Amino acid sequence: MTLPTPGARRAAPGTAVPFTPTAPLTSSPHATGAVTFPDGFLWGTATAAFQIEGASTEGGREDSIWDAFCRIPGAVVNGDDGSVADDHYHRYREDVALMRRLNLDAYRFSTSWARVVPDGKTVNQEGLDFYSRLVDELLAADVLPWLTLYHWDLPQALEELGGWPNRDTAARFVDYAVTMHEALGDRVKVWTTLNEPWCSAFLGYTAGAHAPGRKSPADGLTAAHHLMLAHGEAVRALRDRDPEAVLGLTLNFTVSDPVDPTDPADVDAARRDDGMFNRFFLDPILRGAYPQDLLDDVAHLGFADVVRDGDLEAISTPIDVLGVNYYNGGAVSATPQGPAGEAPAGTADPGGERADAAVWETRSPNPVPDGIHHHNRGLPLTDMGWEVQPEGLTRLLTRLQRDYTGPRGTSMFVTENGAAYPDVVQADGSVDDPDRLAFVDAHLRAVRDAIDAGADVRGYFAWSLMDNFEWALGYSKRFGLVRVDYETQARTVKSSGRWYAEVARTGVVPARGAGTGGSAADAE
166 MTLPTPGARR AAPGTAVPFT PTAPLTSSPH ATGAVTFPDG FLWGTATAAF
216 QIEGASTEGG REDSIWDAFC RIPGAVVNGD DGSVADDHYH RYREDVALMR
266 RLNLDAYRFS TSWARVVPDG KTVNQEGLDF YSRLVDELLA ADVLPWLTLY
316 HWDLPQALEE LGGWPNRDTA ARFVDYAVTM HEALGDRVKV WTTLNEPWCS
366 AFLGYTAGAH APGRKSPADG LTAAHHLMLA HGEAVRALRD RDPEAVLGLT
416 LNFTVSDPVD PTDPADVDAA RRDDGMFNRF FLDPILRGAY PQDLLDDVAH
466 LGFADVVRDG DLEAISTPID VLGVNYYNGG AVSATPQGPA GEAPAGTADP
516 GGERADAAVW ETRSPNPVPD GIHHHNRGLP LTDMGWEVQP EGLTRLLTRL
566 QRDYTGPRGT SMFVTENGAA YPDVVQADGS VDDPDRLAFV DAHLRAVRDA
616 IDAGADVRGY FAWSLMDNFE WALGYSKRFG LVRVDYETQA RTVKSSGRWY
666 AEVARTGVVP ARGAGTGGSA ADAE
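166 is the number of the first residue of the sequence shown in this note's numbering; add one for each residue after it.
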């Protein structure tokens, strides 16, 4: 497996990159045949603490914002919560053994801030001990621990002090990051600060679709800035503690295409969509400045007053790895498509997980949404209502390499990619999920296309290892390569999981129609 070498980083150029729409790709040289990935390419899966751990009141853990959000009537489909989830807290040894049988090189997991520092200031040794046991189990199974410090589960105690719109939360996060490194830094060498700050800020504080459920454009912008500040200061602190650590963060991305690329209004709608989804985070982190067009777009919301001297220098602290989460892109217009064709809310949002929304009322996650309309393009849809658009991943990775990661000397890993489909358990207990298998197959081919085009992509993490609590959609959607029976907690490797295990073993995506392999059959 090939990880970046810490220290091999160049200075950020510091100038904004204008938005330039690109045309969808029409063909791939790897469309049907066998595809071989480079030696050392990292194969993994990913999960998040609140989605799988359960044990919400055990081991000293206290409420996160998601525990509180789940209690709001109508906020989560079917009133589901994460109190049990996949019971990973008690079954982690079984789950690590499953990873090994799936031939995984690495496991990307998150630690729960609410388990480790439940009140936001006092360290809970029982919580640290759990993650220490998990890391030891992973290392014993020869699975690389890829640790994410924050996957949306802010301690409720800190939310009550203002949450991410409160600048002090960033300082508390740095303390938490150092606490985790003190406990695990001798064994964990890859550290991700944040997962998808777009979701934390704009779904949580502007749309109200995710915890904590606030609905304020200004709060969302402030939260986003403080999240990035927390990231930058944590990278500084961890780098000081361990110069050899591999450090980075994970962002979720879309590819914004104007419905009519000859219409200036549609192009501007795509610019603004791309701006708030992609460039709002990419530019300060990898170029040390917010794009001026975005600052102009949000000037009426008072965002300039949030950014203090020195913030952008901290936010742009060099990183080794950019994690890329991609599920789909979107076609954007300045005019609605109409009642029969308008894309459902969240279709163009890799994090907008309310495509079939519950009764909890939400607003747009974009702080400046007027005149941005997503259109359906007639592409196949996943169970989330998201379009299947693998070529968008190729365009995204090549753009990132050209404009952001390449000039900075930062490597990329696809840290989430996958699909929800309505799995059916067969009479013999097996789960055949050809749609999910085809989705991963197509996106791996898209990654190979990007590598061939010069993108420095060094690994792929399928989302997700197993079915889990799907945030505001509860247990109604299944993303796993492994099925979880929530009544019995039995794990069953799906056909996509068996196929992926063989890809991870060989480093080769087989020719289409060549079968699903069987090396993980005993993982059932």
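Backbone N, C-alpha and C define an ideal beta-carbon position, used for all residues, glycine too. The structure presented is a predicted model; accordingly, all values stated were derived computationally and were not measured.
Cutoff 7 Å; reference residue i; Cβ partners in own chain excluding five residues on either side
i	result
THR527	ALA372, GLY373, ALA374 and ARG519
ARG473	none
SER642	Reading off the sequence, residue 642 comes out as Lys, not Ser. Cβ within range, chain order: ASP548, MET549, ALA585 and GLU635.
GLN554	ASN493, GLY494 and LEU544
ALA402	VAL339, ALA342 and VAL343
THR197	ALA676 and ARG677
VAL353	VAL300, PRO310 and LEU312
ASP204	none
SER297	ALA348 and LEU349
SER381	TYR370 and THR371
ALA190	The sequence given here places Leu at residue 190; Ala does not occur at that position. If we look at LEU190 and ignore the five residues flanking it on each side, its Cβ neighbours are GLU556, THR559 and ARG560.
Contacting residues, own chain, Cβ-Cβ under 8 Å from residue i (five flanking each side not counted)
i	result
THR563	ALA615, ALA618, GLY619 and ALA620
GLU302	TYR257, ARG258 and VAL261
ASP270	MET166, LEU207, TRP208, GLY209, VAL308, LEU309, GLY624 and ALA669
SER660	SER595, VAL596, ASP597, ASP598, PRO599, LEU602 and THR681
ARG236	ASP246
ALA759	Summary: the structure shown does not reach residue 759, with the chain confined to residues 166 through 689, and so no result is reported for it.
Reduced DSSP category for residue i - H, G, I as helix; E, B as strand; rest coil
i	result
MET631	strand
GLY440	helix
VAL249	coil
ALA357	Here residue 357 is Thr; the residue named in the question, Ala, does not match the sequence. DSSP places THR357 in strand when its eight states are reduced to three.
THR693	This structure does not reach residue 693, given that the chain is present from 166 up to 689, and the question cannot be answered.
PHE338	helix
THR210	strand
THR197	coil
GLY495	strand
TRP317	coil
GLU581	strand
GLU398	helix
TRP551	coil
GLY662	helix
TRP329	coil
ALA669	helix
THR415	strand
LEU546	strand
GLY385	helix
LEU299	helix
ARG406	helix
HIS538	strand
GLY488	strand
THR371	helix
TRP311	strand
Pair within 8 Å by beta-carbon distance, residue i and residue j
i	j	result
GLU325	PRO171	no
SER481	ARG444	no
ALA335	LEU314	no
SER193	ARG610	yes
PRO377	PHE234	yes
ASN582	THR212	no
LEU447	MET577	no
PRO456	GLY440	yes
GLU223	TYR272	no
VAL612	LEU263	no
PRO532	GLY645	no
PHE358	HIS396	Looking at the sequence itself, residue 358 is Thr, so the reference to Phe does not match. Contact flag set, yes.
ASP245	GLN321	no
THR415	PHE442	no
LEU580	ASP485	Looking at the sequence provided, one finds Thr at residue 580 rather than Leu. No, the Cβ-Cβ distance between THR580 and ASP485 is not below 8 Å.
Same chain only: Cβ atoms within 6 Å of residue i, ignoring 5 sequence neighbours per side
i	result
ASP252	GLY219 and GLN654
GLY476	Rather than Gly, the amino acid found at residue 476 in this sequence is Asp. So the list reads LEU394, once near-sequence residues are dropped.
LEU168	VAL411
VAL249	GLY219
Near the ligand GDP: residue i beta-carbon under 7 Å from a heavy atom
i	result
TRP628	With respect to the ligand GDP, the structure offers nothing, as it holds no ligand at all.
Q: Could you tell me whether the stretch 177-187 touches the stretch 422-436, where touching means 3 or more Cβ pairs closer than 8 Å?
A: yes
Q: Specify whether the stretch 435-453 and the stretch 485-497 touch according to this definition: at least 3 beta carbon pairs, one from each stretch, less than 8 Å apart.
A: yes
Q. Can you find at least 3 beta carbon pairs, one from the stretch 275-291 and one from the stretch 239-250, that sit closer than 8 Å?
A. no
Q | Contact between the stretch 292-307 and the stretch 665-676 (3+ Cβ pairs under 8 Å) | A | no
**Q.** Cβ contact (3+ pairs, closer than 8 Å) linking the stretch 623-640 and the stretch 563-574
**A.** no
Q) Unbroken alpha helix (DSSP H) runs of length 4 or more, entirely within the stretch 224-291: which are they? A) 230-235, 253-266 and 278-281
Q: Quick one: which unbroken beta strand (DSSP E) runs of 3-plus residues sit fully inside the stretch 419-465? Chain order, please.
A: 421-423
Q: Could you pull out every unbroken beta strand (DSSP E) segment of at least 3 residues lying fully inside the stretch 558-632, listed in chain order?
A: 576-581 and 622-628
Q | Any 3 or more C-beta pairs closer than 8 Å across the stretch 527-540 and the stretch 587-601 | A | no
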